[in-house]
Each structure stands twice: as structure tokens, then as C-alpha cells.
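Asker:
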Amino acid sequence: MPAATVELHLRWSDVDAYGHVNNVAIVGLLEQARVHSFWSDTSPVLPPLTSASDVWVLVADVNVKYLRPIDHRTEPIHAEVSIVKCAGASFVIGYRLLVDGEECVTASTTMALVDGATGRPLRIGAELRARLLAFAP
Numbered sequence: 000m001p002a003a004t005v006e007l008h009l010r011w012s013d014v015d016a017y018g019h020v021n022n023v024a025i026v027g028l029l030e031q032a033r034v035h036s037f038w039s040d041t042s043p044v045l046p047p048l049t050s051a052s053d054v055w056v057l058v059a060d061v062n063v064k065y066l067r068p069i070d071h072r073t074e075p076i077h078a079e080v081s082i083v084k085c086a087g088a089s090f091v092i093g094y095r096l097l098v099d100g101e102e103c104v105t106a107s108t109t110m111a112l113v114d115g116a117t118g119r120p121l122r123i124g125a126e127l128r129a130r131l132l133a134f135a136p
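Take 0 as the starting number for the sequence shown in numbering that gives the first Met the number 0 and just add one per residue.
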């Protein structure tokens with residue numbers, strides 16, 4: 000069971016010469032799902048997305064498995080988002096991109112917490128860990 004489900008709207012520019020959503024656009028859709036899930040205006044889970052923030056949350060690794068092409072469509076697709084691991088100074092977000100309920104992409108991003116001034120890793124504190132684990136399946 001995902002911790003969050005996000006509607007994602009495709010753009011015409013997401014489509015490549017083969018008529019399906021390009022692999023680079025898929026990574027952009029993962030970014031949209033991540034930002035919507037963890038940096039919402041009403042209840043942000045993670046520190047602010049500004050260069051002035053004391054804590055930065057950076058992408059350390061991206062893994063994508065393309066299971067089937069996603070054709071351009073006007074109806075939204077859905078991203079299921081959850082926290083699959085939380086340890087030390089990093090955590091892993093898991094994703095499933097679905098079209099009409101059919102799984103098309105599975106992916107993960109490892110996110111690292113770093114000090115905004117020094118760039119050095121920061122351990123995940125108890126309060127943030129609890130907020131993140133609320134998104135665990």
C-alpha cells in the first residue's frame with residue numbers, strides 16, 4: 000500500500016519520436032511526485048527547498064526500471080510514493096508509475112541530507128525520521 004498517490008499530467012513535450020513518454024521525462028515525473036508528496040504547502044515533511052535552508056535534501060542516486068511504455072494521454076497517470084528505507088543521513092523513496100492501474104515504471108531515489116553551508120552529511124533526527132516513516136508501507 001503506498002503512503003501517497005499523486006496524479007501526474009503529461010505534457011506533449013514529454014513524448015519522444017516513438018510516441019511514448021521519454022526516459023528523461025519519466026525522471027521528471029518522479030521529481031514531481033517527490034516534491035508533491037514531501038514538500039506540500041500545507042504539511043511539508045522535509046526542510047524547505049531553498050538555498051538559504053540549513054538542511055538540503057539532495058538526490059544521491061536514481062534507479063528506474065521501465066516495464067512498459069507510457070503513451071501520451073490527456074488523462075493523468077498516477078504515482079504511488081513511499082519511503083522504503085531510512086538510515087543514517089539518507090533515505091530511499093520508492094515509486095510506482097501506473098496507467099489505468101497497470102504498473103509501467105518502478106523506481107527509487109536515494110536522498111541525502113547535507114548541511115547547507117558545508118555540504119557535509121547530516122544524520123536524520125528522530126523527528127524527521129518519524130515524519131518520513133509515516134510514508135512507509
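Here a beta-carbon is modelled for each residue, glycine too, at the ideal position from N, C-alpha and C. All of these numbers come straight from a predicted model, not from anything done at the bench.
For D177, which option in L131, T4, E6 and R10 has the closest C-alpha, if you only look at C-alpha atoms?
Answerer: The shown model of the chain, from 0 to 136, leaves out residue 177, and the question about it has no answer.
Asker: Using the C-alpha atoms, what's the distance from Y17 back to R130?
Answerer: If you take the alpha carbons of R130 and Y17, they lie about 41 Å apart.
Asker: When the distance is taken between beta carbons, is V61 closer than 7 Å to T105?
Answerer: No, they are not a contact pair.
Asker: Just how far apart, CA to CA, sit A133 and I76?
Answerer: Near 24 Å, if we compare the C-alpha coordinates of I76 and A133.
Asker: Is it right to say G93 is buried, meaning 16 or more other beta carbons lie within 10 angstroms of its own, or is it exposed?
Answerer: So G93 ends up on the buried side.
Asker: My output table needs one value for A129: the three-state DSSP class, helix, strand or coil.
Answerer: Looking at A129 - three-state DSSP - the assignment turns out to be helix.
Asker: Assign R89 to one of two classes, buried (16 or more other C-beta atoms within 10 Å of its C-beta) or exposed (fewer than that).
Answerer: For the sequence presented, residue 89 should be read as Ser rather than Arg. Result: buried.
Asker: Since V26 and V56 should fall inside the 8 Å C-beta cutoff, what is the C-beta to C-beta distance between them, to a whole number of angstroms?
Answerer: At roughly 17 Å, the Cβ-Cβ gap does not stay under 8 Å, so V26 and V56 are not in contact.
Asker: Assuming L7 and L28 are in contact, meaning their beta carbons sit under 8 Å apart, how far apart are those beta carbons, in whole angstroms?
Answerer: Their Cβ separation, rounded to whole angstroms, is 5 Å, which keeps L7 and L28 in contact under 8 Å.
Asker: Within 10 angstroms of its Cβ, does A164 collect 16 or more other Cβ (buried), or is it exposed?
Answerer: Because the chain here runs from 0 to 136, residue 164 falls outside it and cannot be looked at.
Asker: Locate the beta strand (DSSP E) running through E79, then write down its first and last residues.
Answerer: Its beta strand (DSSP E) spans residues I76 to A86.
Asker: Can you tell which of V23, V20, E30 and N22 has its C-alpha closest to the C-alpha of M110?
Answerer: Considering only alpha carbons, the answer is E30.
Asker: Does the Cβ of V5 have 16 or more other Cβ atoms within 10 Å, making it buried, or fewer, making it exposed?
Answerer: Buried is the call here.
Asker: Is I92 helix, strand or coil when you go by DSSP?
Answerer: I92: strand per DSSP, three-state reduction.
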